[in-house]
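**Student:**
2 protein chains.
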Amino acid sequence: MKQEKKPLITSGFTPEEIAEDLAPLVNFQEEGLAKKDLEKMFEKRLIPHFVRYDLPEFQSLYNCFPEEGAELGAQLSLRYNQGVTNWIVSPGGVLLEELCCQALCRLFGLSASADATFMYCGTYANQQAIYLALHRHAERTGFNLAQKGLSGFPNASKLAVAASQEAHFSVRHALRILGLGEQSLVLIPIDKERRMNPYKLKALLEEKGDKREIFCVVSTAGTTSTGSIDPIAAVSDICEHHDVWHHVDGAYGLAFRLLPKLASRFEGIERADSLVWDPHKQFGVPIPNSLLFVRKKEDFDRMAIYGEYFNRKDDPEPNPGFKSPPSTRPLSALPLVAAIRFQGMKRIRERLGAPLKAVRKTWEKLDSHPDFQRLHTPDTGILCLRIVPEKFPAAELDNLQKYIYEDIKKEGRRSVSMTRLNGKYALRIVAISPCVTEEAVWETIISIRRTARKYSFTV
Amino acid sequence: MKQEKKPLITSGFTPEEIAEDLAPLVNFQEEGLAKKDLEKMFEKRLIPHFVRYDLPEFQSLYNCFPEEGAELGAQLSLRYNQGVTNWIVSPGGVLLEELCCQALCRLFGLSASADATFMYCGTYANQQAIYLALHRHAERTGFNLAQKGLSGFPNASKLAVAASQEAHFSVRHALRILGLGEQSLVLIPIDKERRMNPYKLKALLEEKGDKREIFCVVSTAGTTSTGSIDPIAAVSDICEHHDVWHHVDGAYGLAFRLLPKLASRFEGIERADSLVWDPHKQFGVPIPNSLLFVRKKEDFDRMAIYGEYFNRKDDPEPNPGFKSPPSTRPLSALPLVAAIRFQGMKRIRERLGAPLKAVRKTWEKLDSHPDFQRLHTPDTGILCLRIVPEKFPAAELDNLQKYIYEDIKKEGRRSVSMTRLNGKYALRIVAISPCVTEEAVWETIISIRRTARKYSFTV
Numbered sequence: 034m035k036q037e038k039k040p041l042i043t044s045g046f047t048p049e050e051i052a053e054d055l056a057p058l059v060n061f062q063e064e065g066l067a068k069k070d071l072e073k074m075f076e077k078r079l080i081p082h083f084v085r086y087d088l089p090e091f092q093s094l095y096n097c098f099p100e101e102g103a104e105l106g107a108q109l110s111l112r113y114n115q116g117v118t119n120w121i122v123s124p125g126g127v128l129l130e131e132l133c134c135q136a137l138c139r140l141f142g143l144s145a146s147a148d149a150t151f152m153y154c155g156t157y158a159n160q161q162a163i164y165l166a167l168h169r170h171a172e173r174t175g176f177n178l179a180q181k182g183l184s185g186f187p188n189a190s191k192l193a194v195a196a197s198q199e200a201h202f203s204v205r206h207a208l209r210i211l212g213l214g215e216q217s218l219v220l221i222p223i224d225k226e227r228r229m230n231p232y233k234l235k236a237l238l239e240e241k242g243d244k245r246e247i248f249c250v251v252s253t254a255g256t257t258s259t260g261s262i263d264p265i266a267a268v269s270d271i272c273e274h275h276d277v278w279h280h281v282d283g284a285y286g287l288a289f290r291l292l293p294k295l296a297s298r299f300e301g302i303e304r305a306d307s308l309v310w311d312p313h314k315q316f317g318v319p320i321p322n323s324l325l326f327v328r329k330k331e332d333f334d335r336m337a338i339y340g341e342y343f344n345r346k347d348d349p350e351p352n353p354g355f356k357s358p359p360s361t362r363p364l365s366a367l368p369l370v371a372a373i374r375f376q377g378m379k380r381i382r383e384r385l386g387a388p389l390k391a392v393r394k395t396w397e398k399l400d401s402h403p404d405f406q407r408l409h410t411p412d413t414g415i416l417c418l419r420i421v422p423e424k425f426p427a428a429e430l431d432n433l434q435k436y437i438y439e440d441i442k443k444e445g446r447r448s449v450s451m452t453r454l455n456g457k458y459a460l461r462i463v464a465i466s467p468c469v470t471e472e473a474v475w476e477t478i479i480s481i482r483r484t485a486r487k488y489s490f491t492v
Numbered sequence: 034m035k036q037e038k039k040p041l042i043t044s045g046f047t048p049e050e051i052a053e054d055l056a057p058l059v060n061f062q063e064e065g066l067a068k069k070d071l072e073k074m075f076e077k078r079l080i081p082h083f084v085r086y087d088l089p090e091f092q093s094l095y096n097c098f099p100e101e102g103a104e105l106g107a108q109l110s111l112r113y114n115q116g117v118t119n120w121i122v123s124p125g126g127v128l129l130e131e132l133c134c135q136a137l138c139r140l141f142g143l144s145a146s147a148d149a150t151f152m153y154c155g156t157y158a159n160q161q162a163i164y165l166a167l168h169r170h171a172e173r174t175g176f177n178l179a180q181k182g183l184s185g186f187p188n189a190s191k192l193a194v195a196a197s198q199e200a201h202f203s204v205r206h207a208l209r210i211l212g213l214g215e216q217s218l219v220l221i222p223i224d225k226e227r228r229m230n231p232y233k234l235k236a237l238l239e240e241k242g243d244k245r246e247i248f249c250v251v252s253t254a255g256t257t258s259t260g261s262i263d264p265i266a267a268v269s270d271i272c273e274h275h276d277v278w279h280h281v282d283g284a285y286g287l288a289f290r291l292l293p294k295l296a297s298r299f300e301g302i303e304r305a306d307s308l309v310w311d312p313h314k315q316f317g318v319p320i321p322n323s324l325l326f327v328r329k330k331e332d333f334d335r336m337a338i339y340g341e342y343f344n345r346k347d348d349p350e351p352n353p354g355f356k357s358p359p360s361t362r363p364l365s366a367l368p369l370v371a372a373i374r375f376q377g378m379k380r381i382r383e384r385l386g387a388p389l390k391a392v393r394k395t396w397e398k399l400d401s402h403p404d405f406q407r408l409h410t411p412d413t414g415i416l417c418l419r420i421v422p423e424k425f426p427a428a429e430l431d432n433l434q435k436y437i438y439e440d441i442k443k444e445g446r447r448s449v450s451m452t453r454l455n456g457k458y459a460l461r462i463v464a465i466s467p468c469v470t471e472e473a474v475w476e477t478i479i480s481i482r483r484t485a486r487k488y489s490f491t492v
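Line order of the protein sequences matches chains L and W. The opening residue of the first sequence carries number 34 in the numbering used here; numbering runs sequentially from there. The opening residue of the second sequence carries number 34 in the numbering used here; numbering runs sequentially from there.
1) Anything in chain L within Cβ reach of Ser480 of chain W, meaning under 9 Å, just list it in chain order.
2) Can a CB atom of chain W be found closer than 8 Å to the CB of Tyr436 of chain L?
3) How many whole angstroms separate the CB atoms of Phe375 of chain L and Phe355 of chain L, which I take to be in contact at a CB cut-off of 8 Å?
4) Judging by CA-CA distance, which residue of L:Val277, L:Ile381, L:Phe405 and L:Glu130 is the nearest neighbour of Pro353 of chain L?
5) Does DSSP put Leu433 of chain W in a helix, a strand or coil?
6) Give the residues of chain W in contact with Gln406 of chain L, contact being defined as C-beta atoms less than 9 Å apart.
7) Within 8 Å of any Cβ in chain W, is that where the Cβ of Pro422 of chain L sits?
8) Can you have a look at Tyr86 of chain W and say buried or exposed, based on whether 16 or more other CB atoms are within 10 angstroms of its CB?
9) DSSP on Tyr458 of chain L, reduced to helix/strand/coil?
10) Measuring alpha carbon to alpha carbon, tell me which residue in L:Gly116, L:Ser197 and L:Asn322 is nearest Ser261 of chain L.
11) So the candidates are L:Ala427, L:Val194, L:Val59 and L:Glu350; which of them puts its Cα closest to the Cα of Ala166 of chain L?
12) For Leu418 of chain L and Ser144 of chain W, what's the separation of their Cα atoms in angstroms?
13) Short of 7 Å in beta carbon distance, which residues of its chain neighbour Leu109 of chain L, apart from the five on each side in sequence? Order them along the chain.
14) If I measure Cβ to Cβ from Arg447 of chain W and keep anything under 7 Å in the same chain, skipping five residues before and after, which residues do I get?
15) How long is the line joining the alpha carbons of His280 of chain L and Asn159 of chain L, rounded to whole angstroms?
16) I'd like to know whether the C-beta atoms of Gln315 of chain L and Ile462 of chain L end up nearer to each other than 8 Å.
17) How long is the line joining the alpha carbons of Ser360 of chain W and Cys154 of chain L, rounded to whole angstroms?
18) Return the first residue and the last residue of the beta strand (DSSP E) that Glu246 of chain W is part of.
19) Tell me, to the nearest whole angstrom, how far the beta carbon of Val469 of chain L is from that of Ala136 of chain W; I am working on the premise that it is less than 8 Å.
20) Spatial neighbours of Phe98 of chain L within its chain, please: CB distance less than 6 Å, with the 5 preceding and 5 following residues excluded, ordered by chain position.
21) Comparing alpha-carbon positions, which option in W:Lys394, W:Tyr232 and W:Asp400 lies nearest Glu471 of chain W?
22) From the DSSP secondary-structure annotation, give me the bridge partner or partners of Ala193 of chain W.
23) State the beta-bridge partners of Pro293 of chain W as determined by DSSP.
24) With 16 other CB atoms within 10 Å as the buried threshold, where does Ala254 of chain L fall?
25) DSSP three-state call for Pro363 of chain L: helix, strand or coil?
26) So what's Met34 of chain L in DSSP terms, helix, strand or just coil?
27) Does the beta carbon of His409 of chain L sit closer than 8 Å to a beta carbon anywhere in chain W?
28) Along the chain, which unbroken stretches of the alpha helix (DSSP H) at least 4 residues long are found entirely within the region 135-199 of chain L?
29) Quick one: which residues of the region 110-122 of chain L get their C-beta closer than 7 Å to a C-beta of chain W? List them in chain order.
30) The beta strand (DSSP E) that contains Asp263 of chain L, what's its start and end?
31) Determine, using beta carbons only, whether Arg380 of chain L comes closer than 8 Å to chain W.
32) Pop quiz: Leu218 of chain L and Leu192 of chain L are said to be a contact at Cβ under 8 Å. What is the actual Cβ separation, rounded to whole angstroms?
33) What in chain L is Cβ-close to Cys272 of chain W, meaning under 9 Å?
34) Pull up the distance between the alpha-carbon of Gly445 of chain L and that of Arg78 of chain W, whole angstroms please.
35) Examine chain L for any beta-carbon lying closer than 8 Å to the beta-carbon of Thr413 of chain W, and answer yes or no.
36) Please confirm if the region 291-300 of chain W is in contact with the region 292-300 of chain L, defined as three or more CB-CB distances below 8 Å between the two stretches.
Following this line, the structure appears as structure tokens:
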């Protein structure tokens, strides 16, 4: 092992090298191992190949280590391993989940009729939200989607969902699974800050003639690529006017509704029909921890399937399993409640705000560094940029970003990600944990510049 | 609090009483709480309302406390909170998952071309399996389901999935979400042991004329109600002959493939197209821990969506996120690997076998107790029965089972469940953890009889 002053983000080993380390772990034997030997095996062979989300140099993806209060809650969840979909499996777990959902509706300023349910992840939450939209559309068409399926529509191939090109790819997954196919996705153009252009949405919905049957609009509060927040209030207005389901994918961004400075950007969520949030992103609770909110609690009735051995229709106690398909889910509400009560809202706001500030300051500072091209104004904690060294051949700039990304990855000292915006490769800095300071982000800038220099000499 | 010799399974409180206990937990405040105060709050207000799956008297559902090795693995998963869908988020996590999947394919005797992926739960795994079946059917029809959706089929309303009435309700959830609707479910009759009748399946597939287009058969290895194992080999034969996708829902039962005595009942799984297993049931690993196996690894290619910022098509490293929709999943492979390596296969078999023996012995013993009616021969660890006291009015027997179920639930000393078989209410004993001994199950029988006596006097 190389000696480094700073700990590595990860080993930087190749798949073959890691597979060699891990092989003994999956060599299932008749006899068991002593606990301490097993622990040593994991420590020596597995953990060095993990990624250290807790280091300030981790600036690539939406992951973080559990916050202290969340960990306390997660420990209890783990020890008692409570399922929570129906009353008899855990009365305490069921009620904590229900009460937590109601408290979160209030925290985010949703309407009094709103409700929520814990989901496994934003992907399945988005899937379910679009299913609910489609179900309502079917009701209006005059049939029950759950019974008849898409065949109930006069022309299912015209059904469409509108979203910007920046919507998360889970929307495409949802359209595949829901039987609509990706052909049903209508892309709304974005503005220069990579937010959905509401005028284009309006124009689309006002189109006359033999047009697509748009039953759902997905806006994004904190896009995956750049963290941009779509104009939610404007989209809510338009959807209300056209009586179309408005789903807000706030998997990453909704947490920032809690920051007074950003709250106004979330106006309109209380009028959205559904809303997704992943506390397992920057909120510091362990995976899985995700929520689906609906504006009217009755909307969840569309999900219910009543059973014989549990989840009976006439059960007097609450069964959260009526609100979504899974018949087994862990008590994710507990780590979330523990995180909020341990930190208190004041410290939570500090936690959420710190990485945003680091990114914003870096963006400002880069204004006077012409060898960096800023690709958007950061709405949240993500900054996409390209290094464009003076006199560097324009045709090679795309490759340069890729080389730098690969170099940084191999080094294992810091972690950034890569994306493509307007057809061009860009480096992407994601600040999730509060330890990602302005200094740590600036070190990344310096490191990008240093790595670029290596390639400048060879051009 | 009442003093009891044996600890209670759960508090037995009403929803209102529990809500009162929990209210302070979700009263989100500006200031945080000290860790030990928060811990005390949970201990006092929440944990008494959990269900103690670790007690021998818990005999109602598929839950258990984590096994010791599993807990060690889960602790590491929790501390490092690794995501595993793509390489850059956790090289070690990604490879452990991949290697574990391959090792499990070998453990269950699947074909060399097989592959697996971790899923959140059996429900989503079943959903995905039927989607894969439908996708293959679309390919044979000449189009790409992911792109065109169900509209690509000449007559989507004829598409059908065959399963027995004992299939888990997640199959109905899947048909809803997939846009087929519940109308697409064709029920295959069962035999007296509540297993799918393969002759009826064969007859259905051989029907001529303007019939349903059955593209998938779902058999169940360990049904939810009675733990029955469908005749898998026969179903595999029939599906092969008719070239129809065979999906085996082994969420509960597949683990028993590891017991030599039961292995022959699982012959044919190696020829099934897909297979679901939930280690988070009786295997003692924490929720979520579920797997989807496919016979041909290329089948997973149908799930892939390639991205720009990660999961790129040309990535040289493995990205398990290509195999299923979620873009975030925890490292469930680690608790599973830890459980297997800590116990060794020998102890795992003992663990799995113990509750089966307890149920089998009870079933045998009941032969000489005519006040109990046994509703099936237990294939696995579930026993459904009715108490039929001598001279008890036949018309009231259904109510009697319900009263007993409610009484036992309120008492909080033991936990059984209730189901309905052939339109009649039945009490259901589920033995999941190895601490559910023959004695513990017999105590339940005695307790049912005692409770029944209470109602006998009033009739």
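Note that the Cβ used here is the ideal one computed from N, Cα and C, for glycine as well. Quick caveat, the model's predicted, so the values are computed rather than measured.
**Tutor:** In brief:
1) Ordered by position in chain L, no residue passes the 9 Å Cβ test against Ser480 of chain W, which lies about 17 Å from the chain.
2) no
3) Incorrect: roughly 31 Å between the Cβ atoms, too far for contact.
4) Of the candidates L:Val277, L:Ile381, L:Phe405 and L:Glu130, the one whose C-alpha sits nearest the C-alpha of Pro353 of chain L is L:Glu130.
5) helix
6) Simply none; closest approach about 18 Å.
7) no
8) Classification for Tyr86 of chain W: buried.
9) strand
10) Among L:Gly116, L:Ser197 and L:Asn322, the Cα nearest to that of Ser261 of chain L is on L:Ser197.
11) L:Val194
12) 47 Å
13) Leu367
14) Ile42, Glu90, Gln92, Ile441, Thr477 and Ser480
15) Looking at the two C-alpha atoms, the distance is approximately 8 Å.
16) A distance of 8 Å or more separates the beta carbons of Gln315 of chain L and Ile462 of chain L.
17) For the pair Ser360 of chain W and Cys154 of chain L, the Cα-to-Cα distance works out to about 8 Å.
18) Segment Glu246 to Thr253, the beta strand (DSSP E) holding Glu246 of chain W.
19) Between Ala136 of chain W and Val469 of chain L the Cβ distance is about 37 Å, and since that is not below 8 Å, they are no contact.
20) Tyr86 and Asp87
21) It is W:Lys394 whose Cα lies nearest to the Cα of Glu471 of chain W.
22) According to the DSSP secondary-structure assignment, Ala193 of chain W is paired through a beta bridge with W:Ile247.
23) DSSP output for Pro293 of chain W lists no bridge partner at all.
24) buried
25) strand
26) Because the pLDDT of Met34 of chain L is 41, which lies under 50, any placement of that residue in the model is unreliable, and the number read from its coordinates should be weighed accordingly. Three-state DSSP puts Met34 of chain L in coil, outside helix and strand.
27) It does not: the Cβ of His409 of chain L has no partner Cβ on chain W nearer than 8 Å.
28) Secondary structure within the region 135-199 of chain L: the alpha helix (DSSP H) runs of 4 or more consecutive residues, fully enclosed, are 155-174 and 178-181 (chain order).
29) Leu111, Tyr113, Asn114, Gln115, Gly116, Ile121 and Val122
30) Segment: none, Asp263 of chain L is in no beta strand (DSSP E) and carries neither H nor E.
31) yes
32) So it is not a contact: roughly 11 Å between Cβ atoms.
33) None at all; the shortest Cβ gap to chain L is about 23 Å.
34) 45 Å
35) no
36) no
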